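> Numbering (full-length UniProt numbering), first residue to last: 1 to 235. Take a look at the following structure, please.
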């Protein structure tokens with residue numbers, strides 16, 4: 001028996017990183033997963049994994065989000081992962097950078113939650129997981145102005161949904177990772193590692209394990225929270 005047996009899960013940004021790791025982890029625990037992304041070629045790498053079906057969706061486009069929702073009779077878990085990291089202070093952030101970041105990092109979550117929440121309310125049961133960050137209202141981070149602003153908004157959206165629908169069987173939490181080693185330069189990597197108390201960066205799989213918990217009935221008493229997973233970076 002898997003921890004997510006029988007659960008229907010939809011998530012975005014599943015082609016790589018945390019989204020990919022979460023899709024695989026959800027499926028391994030018995031969930032039926034719809035994994036979406038705009039990168040169709042990369043997304044195909046998940047095809048053939050038992051429990052996962054893939055679909056190319058741009059979560060910034062309302063018509064595509066609504067069409068995705070119509071394909072599902074019900075959804076138990078919604079995991080909003082899609083996001084973009086802009087590098088720079090407010091002086092480095094042009095209006096186009098601000099608009100793009102806010103559109104992808106927070107408006108897409110608004111669209112997804114609004115489309116799928118009614119299906120959860122019909123069953124009086126559901127778990128929404130939003131991808132936030134330690135770089136938000138939790139911690140000020142150099143050169144992450146619009147990114148941190150957008151992720152602070154994610155935390156606000158999460159708590160608002162949790163408060164509004166707590167008596168209707170809906171839980172809403174956000175995951176707040178620290179930094180991952182992906183394509184960062186060696187100097188930046190060394191500078192960051194000097195500040196990480198636990199001595200290493202987090203892996204996408206470790207975040208995925210936390211998401212399995214939030215998706216499962218094990219977290220039935222958990223809602224409106226910021227689940228920080230940063231190796232003590234904020235301390």
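Even glycine gets a Cβ: it sits at the ideal position worked out from N, Cα and C. These figures come from a predicted structure and were not determined experimentally.
How is the alpha helix (DSSP H) around residue 40 delimited, first residue to last?
Element bounds for residue 40: 40 to 43.
> Excluding the 5 residues flanking residue 168 on each side, which residues of the same chain have their C-beta closer than 7 angstroms to its C-beta?
Taken in chain order, the residues that qualify are 121 and 124.
> Name the DSSP beta bridge partners of residue 241, please?
The chain is shown only over 1 to 235; residue 241 falls outside these bounds and no answer can be derived.
> Return the CA-CA distance between residue 11 and residue 206, expressed in angstroms with no decimal places.
So the two alpha carbons sit approximately 17 angstroms from each other.
> Restricting to Cα atoms, I'd like to know which of 92, 172 and 100 is closest to residue 157.
The candidate whose alpha carbon is nearest that of residue 157 is 172.
> Ignore the nearest five residues each way along the sequence and tell me which others in residue 166's own chain have a CB closer than 7 angstroms to its CB.
Excluding sequence neighbours, residue 166 sits near 223.
> Starting from residue 118, follow the alpha helix (DSSP H) in both directions and report where the run begins and ends.
Run containing residue 118: 108 to 123, per the alpha helix (DSSP H) assignment.
> Of all the options 221, 27, 21 and 134, which has the alpha carbon lying nearest to the alpha carbon of residue 127?
Of the listed residues, the one whose Cα sits closest to residue 127 is 221.
> Can you find the residues in the same chain that come closer than 7 angstroms, C-beta to C-beta, to residue 226, ignoring five residues on each side of it along the sequence?
Answer for residue 226: 132, 138, 155, 174 and 176, listed in chain order.
> What's the gap between the Cα of residue 103 and the Cα of residue 60?
In a straight line, the C-alpha of residue 103 is about 7 angstroms away from that of residue 60.
> Can you grab the Cα-Cα spacing for the pair residue 17 / residue 164, in whole Å?
Rounded to whole angstroms, residue 17 to residue 164 spans 31 angstroms at the Cα level.
> Along the chain, where does the alpha helix (DSSP H) that runs through residue 200 open and close?
Here residue 200 belongs to no alpha helix (DSSP H), and DSSP marks it neither H nor E.
> Can you give me the C-alpha to C-alpha distance between residue 236 and residue 229, rounded to a whole angstrom?
This structure does not reach residue 236, given that the chain is present from 1 up to 235, and the question cannot be answered.
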